[in-house]
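Below is one structure, written out as structure tokens; comments come after it.
Numbering (this note's numbering), first residue to last: 1050 to 1416.
Okay, structure coming up:
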């Protein structure tokens, strides 16, 4: 989640005057430091959108405070951070949000809206989505000399009497239809050679639904062979049908051990924290079928594997009591069919394997 980086920038902003006060230059007269101008915060409020948000619709959440100070309240930019924050500012926090990927903490920069920099009303705004649905409240305020840090390095609320009164000002963001993705199948679908490199195709199908279980028609789905946490450079994109279903053939440069599906509303246009659902998906385990489980001594049994990549040459293995021992490698790529002669008596276990992927084992009994 990216919000802690933003908050660390505010922490850096706060730490600068504190460190400067802790280490006075040589020659500074001893004695108590001069009293800082007092900044009093009142009329703090946070106002959310009046309508329920759905899908990719956005709305504005507004924060307002009245600042009174004996010295002008100046705008200060944090230094030494790749995520600069301009204060006066307010930290707002959500008790919980509809989507777990939605950042529950935000820093909102305030601008003078009415009055003067010594006695005026300051406001700030931030955009919210359906995924941000939840109760948001003011958690901390940084303005003038009103800066503090808690033990974790985050801005701590100013004294309740000066800032929040008794209960933190709060608002509720109402939202609902947030898309979810479920992949029902990932199956090998062929191979090809491009620019001298082998590529592997997999047929991926599934459904996209809203938080209420209705079809997420038009939702955009991205797939990659890794799960970076947020969208990187997707190599495949599709749009869900009216019934929420989707399916396509995806080409990989190597057989993946897993894929990551990231889903966004149909109107999604950029990388925004909380705008994607990342679902890691394991490829289905290959299967093994046999023509018979019980045969005569020395009889022939045919073992068939499915679910490996079409370029694979699976290896049939038998358990010797201590380890799996190779019996034979498939002569053709893809679906492997191998006939073996069972041991003279007893029960033996067999399995197919290829590049770390194995089928469930089967037992063959000779009588």
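Backbone N, C-alpha and C fix where the C-beta goes; we use that ideal spot for every residue, glycine too. Bear in mind the structure is a predicted one, so any value in this text is a computation, not a measurement.
Please report the residue range of the beta strand (DSSP E) in which residue i lies.
i: residue 1116; result: 1107-1118
i: residue 1191; result: 1183-1191
i: residue 1168; result: 1168-1178
i: residue 1096; result: 1088-1096
i: residue 1142; result: 1138-1143
i: residue 1398; result: 1395-1403
i: residue 1158; result: 1154-1158
i: residue 1432; result: Because the chain in this structure spans residues 1050 to 1416, residue 1432 falls outside the shown range and cannot be described.
i: residue 1102; result: From DSSP, residue 1102 is part of no beta strand (DSSP E); its letter is neither H nor E.
i: residue 1288; result: 1285-1288
i: residue 1415; result: 1411-1415
Quick one: using the 10 Å Cβ neighbour count with 16 as the cut-off for buried, is residue i buried or exposed?
i: residue 1181; result: buried
i: residue 1397; result: buried
i: residue 1113; result: buried
i: residue 1393; result: exposed
i: residue 1354; result: buried
i: residue 1110; result: buried
i: residue 1192; result: buried
i: residue 1413; result: buried
i: residue 1188; result: buried
i: residue 1116; result: buried
Name the DSSP beta bridge partners of residue i, please?
i: residue 1250; result: 1239 and 1300
i: residue 1346; result: Note: residue 1346 sits in no beta bridge, so no partner.
i: residue 1341; result: Per DSSP, none; premise fails for residue 1341.
i: residue 1406; result: 1403
i: residue 1255; result: 1232 and 1295
i: residue 1164; result: 1169
i: residue 1390; result: 1349
Taking 7 Å as the cut-off, is the C-beta of residue i nearer than that to any heavy atom in the ligand MG?
i: residue 1236; result: In the structure on display, the ligand MG does not appear, and there are no ligands present to speak of.
Where are the alpha helix (DSSP H) runs, 4 residues long or more, that stay fully inside the stretch 1353-1380, in chain order? Within the stretch 1353-1380, no run of alpha helix (DSSP H) at least 4 residues long lies entirely inside it.
Touching by the beta-carbon criterion (3+ pairs, under 8 Å), the stretch 1230-1238 and the stretch 1174-1190: Contact fails: fewer than three Cβ-Cβ distances are below 8 Å.
Under 8 Å, with one C-beta from each stretch per pair, do the stretch 1356-1367 and the stretch 1292-1300 reach the 3-pair mark? With the cut-off at 8 Å, the stretch 1356-1367 and the stretch 1292-1300 do not touch.
Could you tell me whether the stretch 1332-1342 touches the stretch 1398-1413, using the rule of 3 or more Cβ pairs below 8 Å? Contact between the stretch 1332-1342 and the stretch 1398-1413 is established, with three or more Cβ pairs separated by less than 8 Å.
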